[in-house]
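Structure first, commentary second.
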Amino acid sequence: MIENPVIHRIANSEVVIQHFGYWPGFHDAEIRKVTFEANPGYYPAVVFLIEAFETTRDTDERGYYRLAKQCEIELRFTGIKEIDFDGFGHQNVILKMEFDEQDGDLTCTIDSSVGLDAFIVTQAVEVVSLMLTTTTTLTAPE
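Here UniProt numbering is used: the first residue of the sequence shown is 1, the next is one more, and so on.
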C-alpha cells in the first residue's frame, strides 16, 4: 500500500496508523454520525463518527468475510472553507475516503457505495479518538 504524505497533516493520524498498521481507505466503513459545529471564528467545523474495520480473507460458515480491528474513529474537520454533502441517509457506507492538498488546505473526498457522498475543503483535520469495538458484523463476499 502506497502511503499518502498528506495523511501526516492530519493531527493524531498515528493513532489510526498504529491500530491498522497503515492509514485505511475506509472501504465498507460506515459513517454513523455527523455533527456540525458553528464556531465563534469565521469557519465552521464538522465531526464524523466512523465505524471502521479491516476485512480478513477468512470466511464464516455462510461465506461472509470475518472482520478484524473493529473500531470507531472520530474525525474533526476545522476551518471548513467548502463543504458539499449529498445523500445522507439511514446507512452511509464509504466506498473510499481520500485526502489531498489544495492551496495549502486539506481536501477530503468521500465516495459512498450507499448514502453520503461528501467533499470538504478545510484548514485542519484531527483524529479526536479511536475506540475499539467488538461488533460481530460480517460483510458479504464480493
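Using N, Cα and C, we set each Cβ at its ideal position, and we do this for glycine too.
- When the Cα atoms are used, G79 and P5 turn out to be separated by approximately 21 Å.
- Cβ-Cβ distances below 7 Å link R9 to L106 in the same chain, with the five nearest sequence neighbours on each side left out; the list follows chain order.
- Secondary structure note for V121: its beta strand (DSSP E) is the uninterrupted segment 117-132.
- Straight across, the Cα-Cα distance linking A124 with F20 is about 22 Å.
- Listed in chain order, the non-local C-beta contacts of T35 below 6 Å within the same chain comprise V47, local neighbours out to five positions each way being set aside.
- The beta-carbon distance between I120 and I83, rounded to whole angstroms, is 5 Å. This is short enough to meet the 8 Å contact definition.
- In this structure, DSSP gives F20 a helical state, which the three-state scheme calls helix.
- With fewer than 16 other CB atoms across the displayed protein chains lying within 10 angstroms of its CB, N39 is exposed.
- Per DSSP, the beta-bridge partners of A52 are C71.
- Secondary structure of I7 (DSSP, three-state): helix.
- Counting of Cβ neighbours within 10 angstroms places L75 among the buried residues, the total reaching 16 or more.
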